[in-house]
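Notes follow once the structure below has been shown.
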Amino acid sequence: MNTQTIFALASGRPPAAIGVIRVSGPKAHEAGQALCGKLPGPRQAALRELRHPRERTLLDRGLVLRFDGPASSTGENVVEFQIHGGRAVAEALLDALASLDGLRLALPGEFTRQALENGCIDLTEAEGLADLIEAETESQRRAALALANGGLKRQIEQWQAQLLGLAARAEAAIDYDEEDDSGAVRALSNDCGALALILDSWLGRPRIEPLRDGVRVVVAGPPNSGKSSLVNAIAGSERAIVTNIPGTTRDHIEVPLAVAGIPVLLTDTAGLRTADELVERIGVERSLVLIEGADILLWLGDPGEAPAHARVIRVHAKSDLSERAAAPADSLPVSSRTGDGIARLLDQVGQLAASLLPGEDALALNRRQATHLAEAQAALARAAEAEDIVTVAEDLRLARGAFDRLTGRAGVEDVLDALFARFCLGK
């Protein structure tokens, strides 16, 4: 259990109809008694007068709830005060709690961190909570809720149980290696390979980042190919500077928008050409990096010169100009001036973007989770090919370590600091 008792306003910023102040830690019940006298029974609410612990002045009247650890949201003793949501009322209660010895204001995400450290949730659930707080679309909410409710945790527990069974069989084979049971070792290797295939299929699923951060759609091509005009036409506003001077765009411009209900980050880039001027050359280098990292590439140059990319849409821009040749068969004619072809282009972008997103009820991994799952998969794949039982046992140990990092049981302190910095105060 944690030795510190923390408190914070857990509801939205006042003024509001109701404010919730949460206290969690070994002195939570003592703090509650100092403000309201006798606490209600566990998991019960009672109306109480809330008074300053030293001055005994009346601060407010509100509901008091008590939770006994470890059967609480944080695993600690918890008291919650539901008060009137005025700014002065909330400040008075917080000041009263701060006057008590052994209590301090909570850091952002610290209540959830207590829950993680006390085993109430694992790291995947904490990541789901962070995503749920930041969710802005219905699809983001559903994906985050699946994580926050322990969907991935339950799946990982099944894999860990299988892995533990494999490790036990490996250790037993080592202990009784005087019995040359090559059939048992082959069966163990085959089972390691079967679990590796399951993990590999999960690694092939769409990731959470495009859903959470937006599908990265990069508009690229040579100077004066119509990139900035296309970005403005899609965005419906003058977001990028448009001139007939080559090299106008020196740095990339990002425009967040929704296409077919899917969050998209549309990026205008500097024109690709050999540049002598330093600033433009830096812009071209950044464009190449953005192209490489794009989820979808809109190419406005010669179709035959399009960069190698898994999802590229070749755009025949400025199709309304009389001097422009007809669009090649593999290019989509688009006019930013008249709007012709924009709807068809967005339809293609929407279809490709949808293919990058997880299914409506499917669990999706984030980059960190996929990294550790890949470590476990690689160790199991090696175990499936190993020729001696000692090597198999070592690879199984490495796989178990990868799962511990995945769930937050080991080696994730820097990850926790970054994760809980995303949380609001009081969560």
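According to our numbering, the sequence shown is numbered sequentially starting from 1148. Don't be surprised by glycine CBs; every beta carbon is placed ideally from N, CA and C. Since we're looking at a predicted model, the values are computed, not measured.
Pick helix, strand or coil for A1565, following the three-state DSSP scheme. In this structure, DSSP gives A1565 a helical state, which the three-state scheme calls helix.
Below 8 Å on the Cβ atoms is my guess for V1117 versus V1481; work out the distance and round it to an integer in Å. Outside the displayed range of the chain (1148 to 1574) lies residue 1117, so it cannot be described from this structure.
Could you tell me the alpha carbon to alpha carbon distance between L1182 and A1193, rounded to whole angstroms? Taking the straight line joining both Cα atoms gives about 13 Å.
Extent of the continuous beta strand (DSSP E) run through I1443: For I1443, the enclosing beta strand (DSSP E) stretches over residues I1443 to W1446.
Return the residue from the list T1150, A1293 and N1265 that minimises the CA-CA distance to L1512. Ranking the options by Cα distance to L1512, first place goes to A1293.
What is the DSSP secondary structure of S1589, counted as helix, strand or coil? The chain is shown only over 1148 to 1574; residue 1589 falls outside these bounds and no answer can be derived.
So G1216 and E1223 are in contact, right, with Cβ under 8 Å, and what is the actual spacing, rounded? Yes, they are in contact, since the Cβ atoms of G1216 and E1223 sit about 5 Å apart, within 8 Å.
Pull up the distance between the alpha-carbon of P1505 and that of H1399, whole angstroms please. For P1505 and H1399, the distance between alpha carbons rounds to 28 Å.
In angstroms, rounded to a whole number, what distance separates the CA positions of L1437 and P1410? Straight-line Cα distance between these residues: approximately 18 Å.
Skipping 5 residues on each side, what residues in its chain have a beta carbon closer than 7 Å to that of R1386? The predicted model places R1386 with a pLDDT of 48, which falls under 50 and marks its position as unreliable; any figure quoted below should be read in that light. Excluding five sequence positions before and after R1386, the CB atoms of its chain that fall closer than 7 Å to its own CB belong to V1378, N1379, I1400 and V1402, given in chain order.
Rounded C-alpha distance that separates V1537 from A1549: Linking V1537 to A1549 through their CA atoms gives a straight-line distance of about 19 Å.
Does Q1229 come out as helix, strand or coil in the three-state DSSP assignment? Looking at Q1229 - three-state DSSP - the assignment turns out to be strand.
Span separating the alpha-carbon of R1529 from that of T1150: About 43 Å.
Counting Cβ pairs, one atom from each stretch, are 3 or more of them under 8 Å apart for the region 1258-1267 and the region 1227-1245? Contact between the region 1258-1267 and the region 1227-1245 is not established, with fewer than three Cβ pairs separated by less than 8 Å.
Whole angstroms is fine: what's the gap from R1547's alpha carbon to S1336's? Each residue's CA atom was taken as its position, placing R1547 and S1336 some 16 Å apart.
Is it buried or exposed, S1478, if we count other Cβ atoms within 10 angstroms and call 16 or more buried? With 16 or more Cβ atoms within 10 Å of its Cβ, S1478 is classed as buried.
Taking only the alpha-carbon atoms, compute the straight-line gap between N1391 and R1289 and give it to the nearest angstrom. Since pLDDT at N1391 reaches only 48, below the 50 mark, its modelled position is unreliable, and the value read off the structure follows with that caveat. Going from the Cα of N1391 to the Cα of R1289 covers about 46 Å.
Alpha carbon to alpha carbon, how far is E1281 from N1296? Give it in angstroms, no decimals. Distance between the alpha carbons of N1296 and E1281: 16 Å.
Anyone know if the C-beta pair for R1514 and R1359 falls short of 8 Å? Going by C-beta atoms, R1514 is not nearer than 8 Å to R1359.
For T1204, list the residues DSSP reports as bridge partners. Per the DSSP secondary-structure output, T1204 pairs with nothing in a beta bridge.
Span of the alpha helix (DSSP H) around E1356: That run of the alpha helix (DSSP H) goes E1356 to D1360.
Identify every residue that forms a DSSP beta bridge with T1414. Listed as beta-bridge partners of T1414 by DSSP are V1365 and E1401.
Less than 8 Å separating the beta-carbons of G1555 and D1269? Yes, the Cβ-Cβ distance between G1555 and D1269 is below 8 Å.
Excluding sequence positions up to five away, which residues of its chain have a Cβ less than 8 Å from the Cβ of A1517? When the five nearest sequence neighbours on each side are left out, the beta carbons in the same chain lying within less than 8 Å of the beta carbon of A1517 are those of L1350 and R1354, in order along the chain.
If you drop the 5 nearest sequence neighbours on each side, which residues of the same chain put their C-beta closer than 6 Å to that of G1340? Scanning its chain for C-beta atoms nearer than 6 Å, with the 5 sequence neighbours on each side dropped, one finds around G1340 the residues A1531, in chain order.
So, is E1285 buried or exposed, given that buried needs 16 or more other C-beta atoms within 10 angstroms? With fewer than 16 Cβ atoms within 10 Å of its Cβ, E1285 is classed as exposed.
Let me make sure I understand the geometry here. Which of V1211, T1271 and A1473 has the alpha-carbon closest to that of P1450? Relative to the Cα of P1450, the nearest Cα in the group V1211, T1271 and A1473 belongs to A1473.
Mind pulling the alpha helix (DSSP H) runs of 4 or more residues that sit fully within the region 1281-1323? If only complete runs of 4 or more residues are kept, the region 1281-1323 shows the alpha helix (DSSP H) at 1285-1295 and 1298-1322, in order along the chain.
Please give the ranges of any beta strand (DSSP E) in the region 1208-1280, keeping only runs that are unbroken, at least 3 residues long and fully inside the region. Entirely contained in the region 1208-1280, the beta strand (DSSP E) runs reaching 3 residues are, in chain order, 1225-1231 and 1250-1252.
Name, in chain order, the residues that DSSP records as bridge partners for H1463. DSSP, once it has assigned bridges, lists P1480 as partnering H1463.
Here's a check: name, in chain order, each residue in its chain whose Cβ is nearer than 7 Å to the Cβ of R1198, leaving out the five neighbours to either side. Contacts found: L1182, T1204, L1205 and L1206.
Where F1550 falls: helix, strand or coil (DSSP): Here F1550 sits in helix by DSSP.
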